[in-house]
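So the protein sequences, as listed, match chains A and B. Here the first sequence is numbered in this note's numbering, starting from 1 and rising by one per residue. Here the second sequence is numbered in this note's numbering, starting from 309 and rising by one per residue. Where a beta carbon is used, it is the ideal one built from N, C-alpha and C, also for glycine.
There are 2 protein chains.
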Amino acid sequence: MDSASSRLSMRSRLRHAFHAGMALPPGTEPHLAGALRDTLQHPGSMVRAELAYRIASSLGMSDERSENLAIAIEYFHTASLLFDDLPAMDDARVRRGAPCAHQVYGEGAAILAALALINRAYSLVWKSVAGLPAEVQAGSLTYLERHLGIAGLLNGQSQDLHYAGLAPQLREPQSIAMGKTVSLIRLALVLPAMVAQARAEETRLLDRLAVFWGLSYQTLDDLKDVLPSSDVHGKTAARDAFLDRPNLTLTIGIAESFDRVDRLMKLAGRAIARLEKRHVRLAFLREVGVQFKKEIANLSEASLTRAS
Amino acid sequence: MDSASSRLSMRSRLRHAFHAGMALPPGTEPHLAGALRDTLQHPGSMVRAELAYRIASSLGMSDERSENLAIAIEYFHTASLLFDDLPAMDDARVRRGAPCAHQVYGEGAAILAALALINRAYSLVWKSVAGLPAEVQAGSLTYLERHLGIAGLLNGQSQDLHYAGLAPQLREPQSIAMGKTVSLIRLALVLPAMVAQARAEETRLLDRLAVFWGLSYQTLDDLKDVLPSSDVHGKTAARDAFLDRPNLTLTIGIAESFDRVDRLMKLAGRAIARLEKRHVRLAFLREVGVQFKKEIANLSEASLTRAS
Chain A
1 MDSASSRLSM
11 RSRLRHAFHA
21 GMALPPGTEP
31 HLAGALRDTL
41 QHPGSMVRAE
51 LAYRIASSLG
61 MSDERSENLA
71 IAIEYFHTAS
81 LLFDDLPAMD
91 DARVRRGAPC
101 AHQVYGEGAA
111 ILAALALINR
121 AYSLVWKSVA
131 GLPAEVQAGS
141 LTYLERHLGI
151 AGLLNGQSQD
161 LHYAGLAPQL
171 REPQSIAMGK
181 TVSLIRLALV
191 LPAMVAQARA
201 EETRLLDRLA
211 VFWGLSYQTL
221 DDLKDVLPSS
231 DVHGKTAARD
241 AFLDRPNLTL
251 TIGIAESFDR
261 VDRLMKLAGR
271 AIARLEKRHV
281 RLAFLREVGV
291 QFKKEIANLS
301 EASLTRAS
Chain B
309 MDSASSRLSM
319 RSRLRHAFHA
329 GMALPPGTEP
339 HLAGALRDTL
349 QHPGSMVRAE
359 LAYRIASSLG
369 MSDERSENLA
379 IAIEYFHTAS
389 LLFDDLPAMD
399 DARVRRGAPC
409 AHQVYGEGAA
419 ILAALALINR
429 AYSLVWKSVA
439 GLPAEVQAGS
449 LTYLERHLGI
459 AGLLNGQSQD
469 LHYAGLAPQL
479 REPQSIAMGK
489 TVSLIRLALV
499 LPAMVAQARA
509 EETRLLDRLA
519 VFWGLSYQTL
529 DDLKDVLPSS
539 DVHGKTAARD
549 AFLDRPNLTL
559 TIGIAESFDR
569 VDRLMKLAGR
579 AIARLEKRHV
589 RLAFLREVGV
599 QFKKEIANLS
609 EASLTRAS
């Protein structure tokens, strides 16, 4: 079953697939090739890919389909980071501990590299549902469209970008996080279940879990942006206040942010308990919760050290 | 059959579908909504959509599938224009007779609007193949991936963008046009045939036709960029020389460019004759040839007027 060594081999297989899943044909223009090569060499934590893969395979999907779907979601995520980092968006310099692609190869190359990842990602999603019943394909691809598109990720990114000019009643960091952050976590948790033809109740619980985790994750990210230890995460720090971006911690304070993450993690724990009852193999989701709590504890400690 | 009035109604239906195919949910962030609304209000000539629709329906595909595929291809094309016009790419000011989206709503909004069109386009392609045999779906989606992606459109755009720095043996406008321009024409001509399950020989002939037309089209575009009448086409003129972009006319001269278009149109005519023998309804492709020749004649006249 899920021994530590098989988990390790899954991780290295996913890392390999992330790198190998996007072959560069000979004749690829050098700036585009460079931007893609650098991006593929810095996969980040791949937490979304790992979640997607483990949910899919826990629910009986083949290794190949699970891997295709997992890498697709990671490519969508990576493309969104390439766009986010552009001067017209967050104007970041560093990503995953390396200079941003647009800094090295130019904005045009960064944009085209992101589009190449998106093109490949749609193709991998398609491979993960090829040959499945038409209604499973339709349901999965509609869910994908909704959460990636203008009702999901893209709207969240646009609200994030134009936060300073939003009407006061729309300046709500949590609701912006629903589009910006929860959308991709939803794809990582729910899409694999849909493709694996899970029952409606399981899909619903995973959707709730995605909301709890996504909001926790965004709150942690906001805390990291505010707390001084943030530059160890390989991202430029304290950008939100500087750029007037939504940041929950800046709105409700550090202590209340930690409290909120706590409450969300409790709700997540309950959803996991119910999922586990239905599918014992989904118990692995607990580990992610444990990881999260470790990260929260580290961050909380850093914040206390800073206060002292 | 294909009377002038039914052609007119097809055109207005496609224009309506272009506009209505991308609904903006309430709560769409205002910059993103504005960029999309403006873009959808300026569909351009929709020549790719019309070709795709007519090929698909000539080969027996249902109206709904034909329309979905046609609009998808037009959305991919429109998204590529939004990216092309960005300051980091062609830095254009005017598109389709109106100010570019990034000029009005900012670069971030233009990028997100383009991504929304792409997301919708993949979904529409998917709808056009839903429920078809698995091998038809796989073949069509693989063709789509290849010609949109890093071996097709994206590489052409990157070569176009980085032309000034390309090694001398790669500074070949015709080969760059294969990626930049032919890719989307291929999707407009070949993809509908694949989805309609045409025979291999027909698909092959349409693929050749796409190459002849695509290269003609690019050469005409290069001529327009060089000739003084170009600003009537709603695009900023004489950009290629200014930006050091590939332009065949700048390389081989005006007369030789007209000759080349002529030769390509003859080859296209032969491919159409063979297609017509196999499918009488594909005879409509001749009309496009006639349109092309009119445009060439107008341009040639303009060039003579200028010389006199």
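Beta-carbon contacts of residue i that lie in its chain and below 6 Å, excluding the five residues immediately before and after
i	result
Val540 of chain B	Residue confidence is low: Val540 of chain B scores 48 on pLDDT, short of 50, so the model does not pin down where it sits. Its coordinate-derived value is still stated next. Cβ neighbours of Val540 of chain B beyond the five flanking positions: none.
Leu285 of chain A	Ile272
Thr557 of chain B	Asp530, Leu531, Val534 and Ser565
Ser58 of chain A	Arg281 and Leu282
Arg494 of chain B	His455 and Ala518
Lys601 of chain B	none
Option in the options with minimal Cα separation from residue i
i	options	result
Leu304 of chain A	A:Ala121, A:Ala109 and A:Leu223	A:Leu223
Pro30 of chain A	B:Gly464, B:Phe566, B:Arg594 and B:Glu584	B:Gly464
Ala121 of chain A	A:Ala49, A:Ala210 and A:Arg274	A:Ala49
Trp213 of chain A	A:Arg278, A:Glu287 and A:Ala138	A:Glu287
Val182 of chain A	A:Ala164, A:Gln169 and A:Leu206	A:Leu206
Arg37 of chain A	A:Lys293, A:Val104 and A:Ala302	A:Val104
Arg96 of chain A	A:Gly34, A:Pro133, A:Gln174 and A:Gln41	A:Gln41
Met178 of chain A	A:Gly165, A:His147, A:Arg204 and A:Ala164	A:His147
Ala549 of chain B	B:Arg315, B:Arg362 and B:Ala472	B:Ala472
Leu478 of chain B	A:Ser9, A:Ser6 and A:Gly27	A:Gly27
Val355 of chain B	B:Ala331, B:Met330, B:Leu332 and B:Ile381	B:Ile381
Gly44 of chain A	A:Leu24, A:Ser12, A:Ile176 and A:Met61	A:Ser12
Ile484 of chain B	B:Arg553, B:Gly439 and B:Leu423	B:Arg553
Residues of its chain near residue i, where Cβ-Cβ distance is below 7 Å and the 5 sequence neighbours each way are ignored
i	result
Gly577 of chain B	Gly597
Ala17 of chain A	Glu67 and Ile71
Arg278 of chain A	Glu202
Asp90 of chain A	Asp84, Arg239 and Leu243
Ser448 of chain B	Val437, Leu499, Met502 and Val503
Beta-carbon proximity check, residue i vs residue j, cutoff 8 Å
i	j	result
Ala496 of chain B	Leu322 of chain B	no
Ile426 of chain B	Ala387 of chain B	yes
Met518 of chain B	Val503 of chain B	Correcting the residue type first, residue 518 of chain B is Ala in the shown sequence and not Met. Contact: no.
Ser3 of chain A	Arg65 of chain A	no
Leu420 of chain B	Leu154 of chain A	yes
Leu299 of chain A	Leu215 of chain A	no
Gly414 of chain B	Ala98 of chain A	no
Ala343 of chain B	Ala400 of chain B	no
Asn555 of chain B	Pro476 of chain B	no
Leu474 of chain B	Val433 of chain B	no
Ile363 of chain B	Ala501 of chain B	yes
Met318 of chain B	Tyr383 of chain B	no
Ala134 of chain A	Gly439 of chain B	yes
Buried versus exposed call for residue i [16 or more other C-beta atoms within 10 Å across all chains shown]
i	result
Val569 of chain B	buried
Gln294 of chain B	Only positions 309 to 616 of chain B appear in the structure, and residue 294 of chain B is not among them; the question remains open.
Met309 of chain B	Only weak support is given to the placement of Met309 of chain B: the predicted model assigns it a pLDDT of 47, under 50, and the value that follows is read from those uncertain coordinates. Exposed, by the Cβ-count rule.
His77 of chain A	buried
Asp371 of chain B	exposed
Leu452 of chain B	buried
Gln291 of chain A	exposed
Lys626 of chain B	For residue 626 of chain B there is no data in the structure shown, the boundaries of chain B being 309 and 616.
Glu609 of chain B	exposed
Ser123 of chain A	buried
Ala20 of chain A	exposed
Leu115 of chain A	buried
Gly457 of chain B	buried
Leu8 of chain A	exposed
8 Å Cβ shell around residue i - same chain, five flanking residues per side excluded
i	result
Thr39 of chain A	Thr78, Leu82, Ala101, Ala113 and Leu117
Leu261 of chain B	Examination of residue 261 of chain B is not possible in this model, given that chain B is present from 309 through 616 alone.
Val444 of chain B	Val437, Met502, Val503 and Gln505
Ile562 of chain B	Leu531, Val534, Leu535 and Ser611
Met308 of chain B	Residue 308 of chain B is absent from the structure shown; chain B starts at 309 and stops at 616.
Leu332 of chain B	Ala341, Leu344 and Arg345
Gly60 of chain A	Ala196
Met22 of chain A	Leu36, Leu40, Tyr75, Ala116, Leu117 and Arg120
Chain C contact for residue i (CB, 8 Å cutoff)
i	result
Phe391 of chain B	Here the protein chains are A and B, and chain C is not one of them.
Examine the Cβ distances between the stretch 508-516 of chain B and the stretch 466-482 of chain B and report whether three or more of them are shorter than 8 Å. no
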